[in-house]
Structure formats: structure tokens, C-alpha cells
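From first to last, the protein sequence lines are chains Y and P. Numbered according to the numbering used here, the first sequence spans residues 1 to 255. Numbered according to the numbering used here, the second sequence spans residues 1001 to 1265. Note that CB positions come from ideal geometry on N, CA and C, so glycine has one too. Heads up, the thing below is written out as C-alpha cells.
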Amino acid sequence: MSGEPIIELRAVAVPSRREGGCISSEDVNWTVREKEFWVVGGPQGSGKSDLMFLLAGLNRPASGAYTLFGQDMTQHFGDEFLPCRLRVGMVFDDARLLNQLTIAENVALPARYHNDLHADEAETWAGALLKATGLGEFAGQTPGTLARNWRRRVALARALAVRPEVLILENPLRGLDARHAAWWIDFVSQLWRGHELLRGEAMTVILSTDEFQPWRAAGAQFATLELDSRKFVLAGEHAPEDEWSLPQAADEEGT
Amino acid sequence: MPPSFARFIGRKIIRGFLTVHGLGAFALITAGVMLRKFGVARHVIHPLIRAHLARSGLRMLPMMLFISFALGLVVIGQTVVLLQKFGATEFLGGAMIAVVVRELGPLLTAFIVLSRTGTANVIELGTARALGEIEALEALGIDPIHYYVVPRVIGMALGIFSLTIYLIIGALGSGYLWAFLQDVPLRPGDYFAQLAEALTALDFIILALKTLFFGAIIATVTCYHGLAQPLRLEEVSSATVRAVAQSMVLCVLLDALFIVLYLLA
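This is the structure in C-alpha cells:
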């Protein structure tokens, strides 16, 4: 708890992206300090993605106060927020790559745009990102030719391209096979501790998940979004049981 | 008037006002981004402008040359018969300038670019919006208007301007060819002298303004329908139809405005 607070939410009501005017979780009070690793769990529909979108600055709080790197995010939503936004990287559940660009172009785009680089100037950095994420062989392909497992890795490489200090991951393990899930847990843990790709600097990592189980040994702190009460509950370093996943697992077995 | 019909008309009028309001706001935002981010990320945006210029200009050149020859045939074919009846073939050049340079050339080019590139704009951007690419760009700190709309507006404006010039040159040239084949007693020197005499400086100014505005309007309207509103994938086709219809109406209205300006000047 020694790091500086970088994300502070006070009595925040998180708006739902799918249902306009609705609140997906309310009265969220949360402080994230630098170099912390948080795992936010909850059943599907509890508003985990809405919270991740809000943290990344893609949504405004419906009410309450949200401060990111000392900036009031309820006030700053335009270009003045850009320096702050570049300190946060976001990886979407469905990757959201630009389908007209190749994998290498997708990864290089943020670095090229913000540093005004020629394509060949960003090539080395994009190559290093692709290599670190095991995507080197796909560099010239377009996103449509890749499976979901790999597309999400491209989204991770793209998010790392501007060397963010905070990495927000929307349900990174959803729909992955065991091999890819193990890679993600290992790689995210390395990023949190300091990956050589980012000069060994530790990152602040916040991710959402349907199940705490895979992240129990990662050294993270945990929080839960409750579906019925729409409350955000801090659970500390001991992950709660994945109670909500049991009926779902039983249903799947039944079918 | 039956109440249901009055409600229908009322809804249409209100929807029309809302569309004009939305388009106006989108155009102003685009103009603001264009000015504010003029020198930002040049190495990313300039290649995109060149790519859209090629798409709305260079790649359509063979098709436009074919249409220019056909246009020359149509105009000359219809006017020569009429002018010969009255022994007024000395007005052939003037008729070509009035029809091809002032009216049909710019409008026809705009409609062809709209049908080929404008529709592609709505589909590309609508799909990108539906698949969440816009939010991805925002998360990366990249302004979607700067990345997606500005290159299209500049590329399409310059593309329509260039294509119109080629269309006019082709149509005027082919016009003489068809006149020659129809045994019109007119020497090439006389024909081109008639063209030069009919052209004024105002023609060049209005032609440039008109084509640039047509390009900017088509790009803005198609980008607005693809980008500015939340879309689901199944809504992309209806957004495309709306964008084409509105672009055509706006281009015709602008053309009418330029006719008025020309007559007043």
C-alpha cells in the first residue's frame, strides 16, 4: 500500500453501455495505487466491462468522483485528457482490431500516431512487441485470418505500444483454451512485476474475470461486483469463492 | 387532411430537422478537428489521404474516361442536329461549355464517386463502429474523426475535383470527334476557339469550388451515417441507403445554389 494512488473512485455510479440510462453498479469506492494488481470478478451481467470502460476513460461516471493520475475524469473528456489516457492501456475482450490493417500495422499504429513516425521507424518496436507476445509469424496477416486466441494477444501488444503505466484487461481469459490461458496468466504476472519489454518497469494491472480461480496464485488483490445488489465489494488478497460460476458449470454439465 | 397523414408528415419534418442538425454538427466538428490537428501525426494521416485520393480519383480514371467519351457523344449527338437546323453550329462550343463544364461534368462525377466510394465509406465505417473499432481508437488516444473522417474528406474533395477535370477534357475532346463523324462542317481550330471564347474566369472558380464542396459533402454525409451514430451490423445497409439519398439531395441543392450565384455574378 506504499505506492501513490493513481485511480480513485468515490461513490461512483457506473453507467451501463448496453442499456442507456441504466446503472450497472453503484456506490463504488476504490483506490488503486501504482504497481498494484487487481482482479475484479463477478457473474456475467454484473457490470465488470462497464467498470473497465469507465476506468479506461471511455465512459463517464453517472455520479460520484473519478480521479485518474490526479485528473478529475468527470471534467476532462476531450483532448485535454490525452496525456492521461496514454498512461492507460486497454485490452478488450473481443480485441477490436482495425480490420483494414495488418497485425504489424495494428500494433505499430498507436506508437506511429502519437510519435509521428514513418511505418519503417516503428517497425523495430512493433517487431519486438509481436515477438514478446508470440505473434511474429502473423505480422503480415489481417485480423480476420486469426483465431480469437491470437487476436486478443494482438490487442495486448497494441495496448503496450505506447508503454502505458496502467494496463486494463477486459476478461482476458474468456473463451481461451488452457494453453493460451496459462500464457496470459504468466505474461500478465510478468508485466505486473516488470517485463524486459518495458525496460523492467512494473505496471499497475487491473483485470476483470468470470472466475477468480485462475488468478488465485498470481499475487493479486481481489474485488467483486455483485449482480443483485450492484455493489462493489473489496475482498483483499484472498479471492472469494466463484459462487456464481457453480450453477453455470452445473448447467453446462447438464446440457 | 387525415390525422395519421399529418403525423406522418410531422415526423418526417422533425426527422429532417434532426438530420440537418446532426450533419451540421458533424461537419463543424470535422472542420474543427481538421484545423486543430493540421500537423498532428502527419506520417499516419498523409498516407491515408493519398490512399483515399487514389480510391476516389486515380482508380476511377478509366471508368471516368469511358463516361467522358459517352458524355461527349450524348451532348454533341443531341445538339448538333438542332444547331444544324438553324445553321448555328458556331454555338456548338458554347453549348458544350454550358452543359459539360458548368453542369453535367461536376454533378455526374460527384454521383459516380458517391455510388462507388461513398457507399464503401458508409459500409466500412458502419462496420467499424458496429465492431467496436471506434472505441478501440479512443482507448488508444486516437481521434476517430482525425483518423477516419479527415483523410476521406480531403481525399474525396481532391478526387472529385481531379476527376471532373479529366471528365471535362475527355468530353470536350470526344465531342469534336463525334461532330467530325457526323460531318459537321467545323474545323478543330474553330471548335476549340469557340470553347475558349465561351469559358470565363468565373467558370474555373465555380468549377473548383463546386467540385471541392461536392467531395466534402459526400464524404461528410457518408462518414456521418457510418460513424456518428451507434449502429448494429444489420443497420449498415439502411444507413448506406440514407447516406446516398441525402448526399444526392445536398449535391443537387448546392448545384442549384451555384447556378443562382453564377446568374447573379
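When Cβ pairs closer than 8 angstroms are counted between the two stretches, the stretch 1054 to 1064 of chain P is seen to touch the stretch 1151 to 1162 of chain P, the count reaching three or more. For the stretch 1231 to 1265 of chain P, the set of positions with a beta-carbon nearer than 8 angstroms to some beta-carbon of chain Y is empty. Per DSSP, the unbroken alpha helix (DSSP H) holding L1209(P) starts and ends at 1201 to 1227. For secondary structure counted as the beta strand (DSSP E) over 3 or more consecutive residues, the stretch 26 to 92 of chain Y holds these complete runs in sequence order: 37 to 41, 63 to 68, 88 to 91.
Between D50(Y) and chain P, the shortest Cβ-Cβ separation is not below 8 angstroms.
One thing to note: F92(Y) has its Cβ within 8 angstroms of the Cβ of A1136(P). Restricting attention to Q1229(P), I1165(P), R1187(P), V1252(P), the CA atom closest to the CA of E1090(P) is found in R1187(P). Residues of the stretch 70 to 90 of chain Y with a Cβ closer than 7 angstroms to any Cβ of chain P, in chain order: L82, R85, L86, M90.
Listed along chain P is no residue with a C-beta nearer than 8 angstroms to that of D120(Y); the closest approach is about 10 angstroms.
For the stretch 1020 to 1044 of chain P, the set of positions with a beta-carbon nearer than 9 angstroms to some beta-carbon of chain Y reads R1036, K1037, G1039, V1040, A1041, R1042, H1043, V1044 in chain order. Under the Cβ criterion of 8 angstroms, I1145(P) is not counted among the residues facing chain Y. Residues L1195, A1198, L1199, D1203 of the same chain have their beta carbon placed closer than 8 angstroms to that of I1097(P), with the five preceding and five following residues left out of the count. Across the structure, G1024(P) and A122(Y) are spaced so that their CA atoms are roughly 37 angstroms apart. Only buried fits N59(Y), as 16 or more other CB atoms lie within 10 angstroms of its CB. Counting the other Cβ atoms within 10 Å of the Cβ of M73(Y) gives 16 or more, which makes it buried. V1221(P) is the residue among I1014(P), P1230(P), V1221(P), A1265(P) whose C-alpha sits nearest the C-alpha of A1120(P). Ranking A1265(P), A1201(P), A1243(P) by CA distance to the CA of V1020(P) puts A1243(P) first.
By the neighbour-count criterion, in which a residue is buried when 16 or more other Cβ atoms sit within 10 angstroms of its Cβ, F1086(P) is exposed. Counting only runs of 3 or more residues that sit fully inside the stretch 1139 to 1210 of chain P, no beta strand (DSSP E) segment turns up. For A1095(P), no pairing in a beta bridge is given by DSSP.
When 7 angstroms is used as the limit between beta carbons, A1219(P) is near no residue of chain Y, the shortest such separation being about 17 angstroms. Chain-order list of chain Y residues neighbouring A1136(P): M90, F92, A95, R96, L97, L98, A155, R158, by C-beta distance under 9 angstroms. Using a Cβ distance threshold of 8 angstroms, R17(Y) and A95(Y) do not count as a contacting pair.
When the Cα atoms are used, A1201(P) and A1208(P) turn out to be separated by approximately 11 angstroms.
As computed with DSSP, P1062(P) is found in no beta bridge at all.
Think of a sphere of 7 angstroms around the beta carbon of A56(Y): the chain P residues whose beta carbon falls inside it are A1139, in chain order. Excluding its 5 nearest sequence neighbours in each direction, L1073(P) has C-beta neighbours in its own chain below 6 angstroms: W1178, listed in chain order. Interface residue (Cβ-Cβ distance to chain Y less than 8 angstroms): G1159(P) is not classified as such. Counting the other Cβ atoms within 10 Å of the Cβ of N29(Y) gives fewer than 16, which makes it exposed.
For L117(Y), the neighbours in chain P by C-beta distance under 7 angstroms run, in chain order, H1043. S1068(P) and G175(Y) have their C-alpha atoms roughly 55 angstroms apart. A direct Cα-to-Cα measurement between A1006(P) and F1017(P) gives close to 17 angstroms.
Beta bridge pairing from DSSP links I7(Y) with V32(Y), L68(Y). In the same chain as L1212(P), and ignoring 5 residues on each side of it, the C-beta atoms closer than 6 angstroms to its own belong to A1157, F1161, in chain order. One thing to note: V32(Y) has its Cβ no nearer than 8 angstroms to the Cβ of G89(Y).
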